[in-house]
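Going by my numbering, 181 is the number at position 200 of the sequence shown; the sequence numbering is gapless.
Glycine included, every Cβ here is placed at the ideal spot set by N, Cα and C.
These notes concern the structure reproduced below.
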Amino acid sequence: MADDGSPVRQRGRVTLQTPLRDVVGARTATPLAAKLDLATVGDLLRHYPRRYERRGRMTDLAELVVGEKVTVLGTVRSVQERRPRPGSKVRSMTTVVVSDGSARISCAFFNQPWLGRLLTPGVTALFSGTVGRFRSELQLQSAQVAVIDDALGEGSQRIESLESFPGGVVPIYPLADGVSLTLVQRAVKTVLDVLETVDDPVPDVLLATRGLTGLDTALRDVHRPPSEERLDVARARLRYDEALALQLVLAQRRAAARRYPAVPCPPRPGGVLAAFDAALPFPLTDGQRGVGAQIAEDLSGEHPMHRLLQGEVGSGKTVVALRAMLQAVDAGRQAVLLAPTEVLAAQHARSLRTLLGPLGRGGELDAAPEAVKVTLLTGSLTTRARRQALLDLVSGEAGIAVGTHALLSGGVLFAELGLVVIDEQHRFGVEQRDALRGRRPDGASPPHVLVMTATPIPRTVAMTVYGDLETSVLEGLPAGRSPISTTVVPAAEKPAWLDRAWQRVREEVEAGHQAYVVCPKIGDDEPAAPGRAARRATLQDDDEGADWADGEGDGDGGSDGGPEGRRPPLAVLDVAERLAAGPLAGLVLRPLHGRLPPADKDRTMRDFAAGEVQVLVSTTVIEVGVDVPNATIMVVLDADRFGMSQLHQLRGRVGRGSAPGVCLLVTEAPPQTPALQRLAAVAATTDGFELAEADLQLRREGDVLGTSQAGRASGLKQLSLLRDRDVIAQARADATELIGDDPDLAGRPALAALAASVIRAPDQEFLEKS
Ligand code: ADP
Ligand code: MG
């Protein structure tokens, strides 16, 4: 029977695709569709219980908050019938006081006089409703009630019955306004009663290999768990489905890329790459050679490369990228290197020119014939310089262009774009990569794409956020790399250590080296002056690290007291002033942060690179890629405000030369706190991959994905990036296999439907926002 009283006409079988309305009737289906976006039987069955309640394990009455929708399990203590005032529309009012053993709450029911006869003292029932206040006491309002004790006999039929299972287990679903628990439970029950055995989209062989239960069993058990064990088995299967759906989508994207044509860029003997290799002052590491060969092969192919290159800080990714770019240039194409900020773009342009030496002077009079021209294009160029740069790009004069991500938009034209290298910091999402994948507006073939992450990333992140890319890991560090020793300086308990830290900075500087002092914040918080606002507007996305609250440091301080009671983070401007007047008096100090005009930033970086600035007091704007081998010591202030991976990346700025690097993590975090433990972990290992995993463990994964919002609304309900690494890896392998040469899954419609049903719009967004 449908809830609108008419017998449901079931035309044929009820499957996951059947519209809910055909099974449960319009009155139930309408709110489910409107409020929870559940349109089909499959949608409803993938609306899994959020949790399972059991006697004695409901929301604690003591923890109720006004305005919350709750379900409590309680025992009736007293019942009171009240006569309404004469003339009132209310015919009867029943007040029931319920206790869960610790606290009490009253529930008021109107015009349901029979409740008073069922809910006699001692009866145990589930009450769900909204917590309100009545005469200063908490009251459960518009409550629904379901009696759990079976011993109530006939009369209980008059009560909407919530389902309960052996042991009194009650599935509790995510609800919405106008969608009660009872409504969802009844809909699920109705659907499960008539559902045909569900066809399994995953081939039996695969289920057997992965030790998974069938979808039919899993869906039924997750809604009506016969036992803990069966529930675990069901959830494992549903988790796998989510991982598989996600990986199918990603594999589809990878496969789609393979279908596009690309202009092959095979290596050319006697070209600029050969000349570069011959002039290289150091031998390539084995890792650089191996990954380089792989990329060279990709570039030679007839379809675009889409590869992720990750490697330890300092492993020499730039050289790998440059060699790829030179191969493209040798093939008569242009290459673009994109950085997340203008500082980095400028830095990259500088280091490419340095690495190239005379080979980077293309276009100049006495340049070698195979030399290439490196053009920097950023928002801060003068109009004239910008016009020249644009001309270099469109004429093909510039073999290599360097800029921020804005370079790919805003009407910048290339003569023959062959390769895009993205040196990124979680900024370039799948969507943007997808845009690169399609044909270019001018009809040219899509370019090859190489994405480089700044630091090692956890495997699950590589497989999801970057899952549309083939992955390479650059192993090993260049020979002669100096070790970095990291020490935690507990400034509060041991002020003498802090003094010693500044003394160490002086010693390094006196020995001819340079130092970084890193602070979480810029300072100077007064509202931006108009002039500055205007300058800010030209900074584009160059502001990373401008304020710690925007960076990943936020929230990482964790449990040491929260924002109140914590002094404000140390700021570059204050610290620079205080150091100059105090412990570092007499040294050449200069502040650097994202809010400086680009020209100032650039000059500061240049002066630092040239050794004219001895101590750079900076925000995390130096986090990525900045390469000054003569800098040997880094002091990170308020180190507990930074993420572990971020600290690892930061300290990678020292120890790049022949002298050993020193990193001092200054913190006031009290001993024994998680904040201090994180710092200790950073000090204890220099393995970036290990730290990335540890970092993931310590953060909410929503933060990692940058999607705490989308993540919640998404179809990824069971899957966890923290826990389910193995499942994701299995699903990735399986998806790749299943897709084979059929990216549209035309031959496997059930799998296509799985991908579509689990990965709905929000999840695509989830990938794109990350
Ligand atoms: P990252 O992988 O962190 O981006 P970089 O590409 O900035 O590292 O390289 C760090 C430093 O190591 C640079 O100064 C670079 O010139 C140098 N380098 C790169 N490859 C080698 C090598 N094979 N031998 C010695 N030094 C190298
Ligand atoms: Mg780099």
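Item to check | Cβ neighbour criterion (16 or more within 10 Å) applied to leucine 732 | outcome: Sequence index remark: in the sequence shown, residue 732 carries index 751 (1-based). That one is buried.
Item to check | Segment limits, beta strand (DSSP E) that includes glutamate 62 | outcome: In the sequence shown, residue 62 corresponds to position 81, counting from 1. Per DSSP, glutamate 62 belongs to the beta strand (DSSP E) from 50 to 63.
Next on the checklist: I'd like to confirm the pairing. Which residues does DSSP put opposite lysine 354 in its beta bridges?
Outcome noted: If you number the sequence shown from 1, residue 354 lands on position 373. Bridge partners of lysine 354: Arg342.
Item to check | lysine 475 (DSSP reduced to helix, strand or coil) | outcome: Within the sequence shown, the letter at position 494 stands for residue 475. Reduced to three states, the DSSP call for lysine 475 is coil.
Next on the checklist: One question on the structure: do alanine 316 and valine 402 come within less than 8 Å of each other, judged by their Cβ atoms?
Outcome noted: The residue labelled residue 316 in the question sits at position 335 within the sequence shown. The residue labelled residue 402 in the question sits at position 421 within the sequence shown. Going by C-beta atoms, alanine 316 is nearer than 8 Å to valine 402.
Checklist entry - Name the DSSP bridge partner or partners of tyrosine 497? => result Within the sequence shown, numbered from 1, the residue matching residue 497 stands at position 516. Beta-bridge pairing by DSSP links tyrosine 497 to Leu597 and Met615.
Checklist entry - threonine 190: buried (16+ other C-beta within 10 angstroms of its C-beta) or exposed? => result Start at 1 with the first residue of the sequence shown, and residue 190 comes out as number 209. Around the beta-carbon of threonine 190, fewer than 16 other beta-carbon atoms lie within 10 Å, marking it exposed.
Checklist entry - By Cβ distance below 8 Å, which residues in the same chain neighbour lysine 16 in space, the five residues on each side in sequence not counted? => result Within the sequence shown, residue 16 is the residue found at index 35, counting from 1. For lysine 16, where only same-chain residues beyond five positions count, the Cβ hits under 8 Å are Ala157, Asp158, Gly159 and Val160.
Checklist entry - Does the Cβ-Cβ distance between proline 641 and proline 427 come in under 8 Å? => result Here residue 641 corresponds to residue number 660 of the sequence shown, with the count starting at 1. Here residue 427 corresponds to residue number 446 of the sequence shown, with the count starting at 1. Against a cut-off of 8 Å, the Cβ pair of proline 427 and proline 641 comes out as no contact.
Checklist entry - In angstroms, rounded to a whole number, what distance separates the CA positions of methionine 444 and alanine 217? => result Residue 444 sits at position 463 when you count from the first residue of the sequence shown. Residue 217 sits at position 236 when you count from the first residue of the sequence shown. Alanine 217 has its alpha-carbon roughly 19 Å from the corresponding atom of methionine 444.
Checklist entry - Applying the criterion that 16 or more other CB atoms from any shown protein chain within 10 Å of the CB defines a buried residue, is arginine 632 buried or exposed? => result Locating residue 632 in the sequence shown gives position 651, where the first residue counts as 1. Its Cβ being crowded by 16 or more others within 10 Å, arginine 632 is buried.
Checklist entry - Under the three-state reduction of DSSP, which class applies to proline 155: helix, strand or coil? => result Your numbering for residue 155 matches position 174 in the sequence shown. Of the three classes helix, strand and coil, the one that applies to proline 155 here is coil, per DSSP.
Checklist entry - How should alanine 238 be labelled, buried or exposed, when 16 other C-beta atoms within 10 angstroms of its C-beta is the threshold for buried? => result The count along the sequence shown starts at 1 and reaches residue 238 at position 257. Around the beta carbon of alanine 238, 16 or more other beta carbons lie within 10 angstroms, which makes this residue buried.
Item to check | Which residues DSSP lists as bridging serine 109, in chain order | outcome: Locating residue 109 in the sequence shown gives position 128, where the first residue counts as 1. In DSSP, serine 109 forms a bridge with Thr52 and Gln125.
Checklist entry - For leucine 657, which residues from the same chain have a beta carbon less than 6 Å from its beta carbon, with the 5 sequence-adjacent residues on both sides left out? => result In the sequence shown, the residue the question calls residue 657 occupies position 676. Non-local beta-carbon contacts of leucine 657 in its own chain, meaning distances under 6 Å to residues more than five positions away in sequence, involve Ala650 in chain order.
Item to check | Under 8 Å between C-beta atoms of threonine 436 and glycine 669 | outcome: Walking along the sequence shown from the start, residue 436 turns up at place 455. Walking along the sequence shown from the start, residue 669 turns up at place 688. In this structure, glycine 669 lies closer than 8 Å to threonine 436 by Cβ.
Next on the checklist: Within a Cβ cutoff of 7 Å, which residues of the same chain sit near alanine 734, ignoring the five residues on either side of it in sequence?
Outcome noted: Taking the first residue of the sequence shown as 1, we reach residue 734 at position 753. Result list for alanine 734: Pro182, in chain order.
Checklist entry - In terms of DSSP beta bridges, what is glycine 292 paired with? => result To locate residue 292, count along the sequence shown from 1; it is residue 311. Leu455, per the DSSP bridge assignment.
Item to check | isoleucine 709 in three-state terms, based on DSSP | outcome: Indexing the sequence shown from 1 puts residue 709 at position 728. It is helical.
Item to check | N-terminal and C-terminal residue of the alpha helix (DSSP H) that valine 150 is part of | outcome: Start at 1 with the first residue of the sequence shown, and residue 150 comes out as number 169. No alpha helix (DSSP H) holds valine 150; DSSP gives it neither H nor E.
Checklist entry - Taking the Cβ atom as the reference point for each residue, do alanine 590 and valine 609 lie within a distance shorter than 8 Å? => result As a working note, residue 590 is residue 609 in the sequence shown. As a working note, residue 609 is residue 628 in the sequence shown. Using a Cβ distance threshold of 8 Å, alanine 590 and valine 609 count as a contacting pair.
Next on the checklist: With a threshold of 7 Å on Cβ separation, who are the neighbours of arginine 334 within its own chain once the five nearest residues in sequence on each side are excluded?
Outcome noted: To locate residue 334, count along the sequence shown from 1; it is residue 353. Within the same chain, Cβ atoms closer than 7 Å to the Cβ of arginine 334 are found at Gly341 and Val355, the five residues on either side in sequence being excluded.
Next on the checklist: Any heavy atom of the ligand ADP closer than 7 Å to the beta-carbon of glutamine 627?
Outcome noted: By one-based count along the sequence shown, residue 627 stands at place 646. No, Cβ of glutamine 627 sits at least 7 Å from all heavy atoms of the ligand ADP.
Next on the checklist: Following a CB-centred definition, is threonine 600 positioned closer than 7 Å to any heavy atom of the ligand ADP?
Outcome noted: Reading the sequence shown from its first residue, position 619 is the one you call residue 600. Set against 7 Å, the gap from the CB of threonine 600 to the closest heavy atom of the ligand ADP is not smaller.
Checklist entry - With respect to 7 Å, is the separation between the Cβ of threonine 335 and the closest non-hydrogen atom of the ligand MG below this value? => result Within the sequence shown, numbered from 1, the residue matching residue 335 stands at position 354. No, the ligand MG has no heavy atom inside 7 Å of this Cβ.
Checklist entry - So, helix, strand or coil for arginine 8, using DSSP? => result For this step, residue 8 is matched to residue 27 along the sequence shown. Of the three classes helix, strand and coil, the one that applies to arginine 8 here is helix, per DSSP.
Item to check | Burial state of alanine 612 (16 or more Cβ within 10 Å) | outcome: The count along the sequence shown starts at 1 and reaches residue 612 at position 631. So alanine 612 ends up on the buried side.
Next on the checklist: I'd like to check one pair, threonine 385 with alanine 320: are the Cβ atoms closer than 8 Å?
Outcome noted: To locate residue 320, count along the sequence shown from 1; it is residue 339. To locate residue 385, count along the sequence shown from 1; it is residue 404. In this structure, threonine 385 lies closer than 8 Å to alanine 320 by Cβ.
Next on the checklist: Extract the residue ranges of the alpha helix (DSSP H) inside the segment 168 to 202, only unbroken runs of 4 or more that lie entirely within it.
Outcome noted: Taking only runs of at least 4 residues, the alpha helix (DSSP H) segments lying wholly in the segment 168 to 202 are 185 to 191.
Checklist entry - Does DSSP put isoleucine 438 in a helix, a strand or coil? => result Residue 438 sits at position 457 when you count from the first residue of the sequence shown. Residue state, collapsed to three classes: coil.
Next on the checklist: Closest to arginine 167 by C-alpha separation, out of Leu290, Gln228 and Val4, would be which residue?
Outcome noted: As a working mapping, residue 167 is identified with position 186 in the sequence shown. Ranking the options by Cα distance to arginine 167, first place goes to Val4.
Next on the checklist: the ligand ADP and leucine 265: does any heavy atom of the ligand fall closer than 7 Å to the residue's C-beta?
Outcome noted: Position 284 of the sequence shown, counting from 1, holds the residue named residue 265. Flag set: Cβ of leucine 265 near the ligand ADP.
Next on the checklist: One question on the structure: do leucine 45 and arginine 85 come within less than 8 Å of each other, judged by their Cβ atoms?
Outcome noted: Along the sequence shown, read from residue 1 onward, the residue named residue 45 stands at position 64. Along the sequence shown, read from residue 1 onward, the residue named residue 85 stands at position 104. Cβ distance not < 8 Å, so leucine 45 and arginine 85 don't count as in contact.
Next on the checklist: Let me check you understand the geometry: is the CB of aspartate 608 closer than 7 Å to at least one non-hydrogen atom of the ligand ADP?
Outcome noted: Walking along the sequence shown from the start, residue 608 turns up at place 627. True, at least one ligand heavy atom lies under 7 Å from that Cβ.
Checklist entry - Any heavy atom of the ligand MG closer than 7 Å to the Cβ of threonine 299? => result Within the sequence shown, the letter at position 318 stands for residue 299. The closest heavy atom of the ligand MG lies less than 7 Å from the beta carbon of threonine 299.
Next on the checklist: For a cutoff of 8 Å on Cβ pairs, would you count aspartate 279 as touching chain B?
Outcome noted: Here there is only one protein chain, and chain B is not present.
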